[in-house]
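Chains as they are written, first to last, in our numbering: chain B, 12 to 246; chain H, 12 to 246.
Glycine is no exception: its CB is placed at the ideal position from the N, C-alpha and C atoms.
These numbers come from a predicted model, not from an experiment.
Everything on this sheet refers to the single structure shown next.
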């Protein structure tokens, strides 16, 4: 199976027949996994705050962040700890974040992966058997070590799932980065450029959760503008 | 000293006061080092074959490649073995390559680094003490493990030169990649996406030379459209 990693959305080139997997481990795709794990019906990615506000339908929640902070008038921020069943079960959530939503929009459809649902996504990809490109959201247009880590975790997870890989250079480098730090993922996240920013903003507990490997079985599936748990994904 | 790595020219954001270091280890910046080591007066990067042909002045040589091959009518290809003193000493060389020239054009001025002149460039950067961005040429717009390796080598070389670094995520990841493969750099190059292409094209001997660390003392300095050996660089 061919596997590629785009270090940022800018480096992603959509290709017919390929599956895209969006990774924004701090914190968008971790939040997506948390929301679906808590029984949310769907996450609707929006590029801007205005788009989220204007598109809101009755009963929908708004979530997102700007500069890591809750947006005024929004129900939820961008901390995976907020997406509790009591708040989100059965709900549709309109969501906008700095890097993650834009990364998602670079692909027409695909899966969303984080460290927390790494093995579940790897198993789903193994079952599909199609060439796959992992798209790292990155850090405001730049390379992000946090997403590189999760991309590497997914490559390693595919190998663990018994998939014979044809990795590109980026996949091999990301996997090597993950193998170096796999014993303490929360600390690795905390040392990353984006992680240090979050730690200084008081979000250390988020990094602990974002760094937990293979915690949940959800497989977030993005198509037609909405992310839902894939029928094959557990909760 | 702040140090950043742009995995491709697309991810490079020029910043006032920062030094850019262009890396295209397979094979443009290795050829630049070879040419200056052999006493060439200057390398003049050209974006296209036409620009090289049309701009040629009496006495100038033309060098470059398309799809790794010599361009018809050119004097030299893109193999560092070709840039011998008998051919290039005292000459100006108009040069066009697929990735390297375009990477160079992304910066107004800067240094050119490869594995062969890694320590010399690191010492020059240490002496300058300015924040530095290493710009990897990459592989036709994609991440290239060969340039990532050389960028990591330069980060490690700066540390060896006693520089206290403030690395970004990309610098840390590239350095980690280099430290993993430093014991056999030619093999690491041969396993890279671009390296495998060159091996299959019969250029294995080039990889042996491109993978030799700290072989030469030249410090290629790019400004006003020409690359010359920096006055501080040895031969």
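Item checked: Where residue 156 (chain H) meets chain B, residues with beta-carbon distance less than 7 Å -> Under the 7 Å cutoff, chain B gives 180, 183, 184.
Next item on the list: Would you mind reading off the limits of the alpha helix (DSSP H) that contains residue 173 (chain H)?
Entry: It is not in any alpha helix (DSSP H) - residue 173 (chain H) carries neither H nor E in the DSSP assignment.
Margin query: Tell me which residues of the region 194 to 219 of chain B have at least one Cβ-Cβ distance to chain H shorter than 7 Å, keeping chain order.
Written below: Answer set for the region 194 to 219 of chain B: 203, 204.
Margin query: Excluding the 5 residues flanking residue 70 (chain B) on each side, which residues of the same chain have their C-beta closer than 8 Å to its C-beta?
Written below: Setting aside the 5 residues that flank it on each side, residue 70 (chain B) is surrounded in the same chain by 102, 103, each with a C-beta closer than 8 Å to its C-beta; the list follows chain order.
Checklist line | Contact residues within the region 18 to 39 of chain H, judged by C-beta distance below 8 Å to chain B | finding: 18, 19, 21, 22, 24
Note to self: Relative to the C-alpha of residue 200 (chain B), which candidate in B:173, B:108, B:38 has its C-alpha closest?
What the structure shows: If we check each option's Cα against that of residue 200 (chain B), B:38 comes out closest.
Next item on the list: May I ask you to verify whether the region 228 to 244 of chain B touches the region 53 to 73 of chain B, counting CB pairs closer than 8 Å and requiring at least 3?
Entry: At 8 Å Cβ cutoff, the stretches touch.
Notebook entry, point to check: To which residues does DSSP link residue 121 (chain B) through a beta bridge?
Noted result: B:233
Check: What number of angstroms, rounded off, separates the C-alpha of residue 217 (chain B) from the C-alpha of residue 122 (chain H)?
Finding: 41 Å
Checklist line | Three-state class that DSSP yields for residue 13 (chain B) in the structure shown | finding: strand
Note to self: To the nearest angstrom, how far is the alpha carbon of residue 129 (chain H) from that of residue 214 (chain H)?
What the structure shows: 22 Å
Notebook entry, point to check: Can you pull the DSSP bridge partners for residue 25 (chain H)?
Noted result: None, per the DSSP bridge assignment.
Check: Since residue 187 (chain H) meets chain B, which of its residues come closer than 8 Å, beta carbon to beta carbon?
Finding: 187, 188, 191
Note to self: Can you pull the chain B neighbours of residue 227 (chain H), defined as C-beta to C-beta under 9 Å?
What the structure shows: By Cβ distance, chain B contributes nothing, its closest Cβ being about 26 Å from residue 227 (chain H), past 9 Å.
Check: Since residue 167 (chain B) meets chain H, which of its residues come closer than 9 Å, beta carbon to beta carbon?
Finding: Those do not exist, as residue 167 (chain B) stays about 15 Å from chain H at its closest Cβ, beyond 9 Å.
Item checked: Backbone secondary structure at residue 226 (chain B) - three-state DSSP -> coil
Note to self: Using 8 Å as the cut-off, can you tell me whether the region 89 to 103 of chain B makes contact with the region 133 to 140 of chain B, which would need three or more C-beta pairs spanning the two stretches below that distance?
What the structure shows: no
Checklist line | Inter-stretch contact (C-beta, 8 Å, three-pair minimum) for the region 14 to 23 of chain H and the region 140 to 160 of chain H | finding: yes
Notebook entry, point to check: By a C-beta neighbour count over all protein chains shown, 10 Å radius and 16 as the cutoff for buried, is residue 27 (chain H) buried or exposed?
Noted result: exposed
Check: With 16 other CB atoms within 10 Å as the buried threshold, where does residue 61 (chain B) fall?
Finding: Residue burial is scored here from C-beta neighbours: residue 61 (chain B) has fewer than 16 other C-beta atoms within 10 angstroms and is therefore classed as exposed.
Notebook entry, point to check: At a Cβ threshold of 8 Å, is residue 153 (chain B) touching chain C?
Noted result: Absent from the structure: chain C. Protein chains present are B and H.
Next item on the list: Run the CB neighbour count on residue 110 (chain B), radius 10 Å, all protein chains shown included, and call it buried at 16 or more, exposed below.
Entry: buried
Margin query: One question on the structure: do residue 180 (chain H) and residue 154 (chain B) come within less than 8 Å of each other, judged by their Cβ atoms?
Written below: Using a Cβ distance threshold of 8 Å, residue 180 (chain H) and residue 154 (chain B) count as a contacting pair.
Notebook entry, point to check: Which same chain residues, not among the five before or five after residue 30 (chain H), have their C-beta less than 8 Å away from its C-beta?
Noted result: Contacts found: 121, 122, 136, 139, 141, 142, 143, 144.
Note to self: When you compare the CB positions of residue 79 (chain B) and residue 209 (chain B), do they come within less than 8 Å of one another, or not?
What the structure shows: yes
Notebook entry, point to check: Helix, strand or coil: which one does DSSP assign to residue 67 (chain H)?
Noted result: coil
Checklist line | Under the three-state DSSP convention, the category residue 127 (chain H) falls into | finding: coil
Margin query: I'd like the span of the alpha helix (DSSP H) that includes residue 44 (chain H), first residue to last.
Written below: 39 to 48
Note to self: Please state the DSSP three-state secondary structure of residue 19 (chain B).
What the structure shows: In the structure shown, residue 19 (chain B) falls within a coil segment according to DSSP collapsed to helix, strand and coil.
Notebook entry, point to check: Roughly how many angstroms lie between the CA atoms of residue 44 (chain B) and residue 132 (chain B), to the nearest whole one?
Noted result: Going by the C-alpha atoms only, they are around 11 Å apart.
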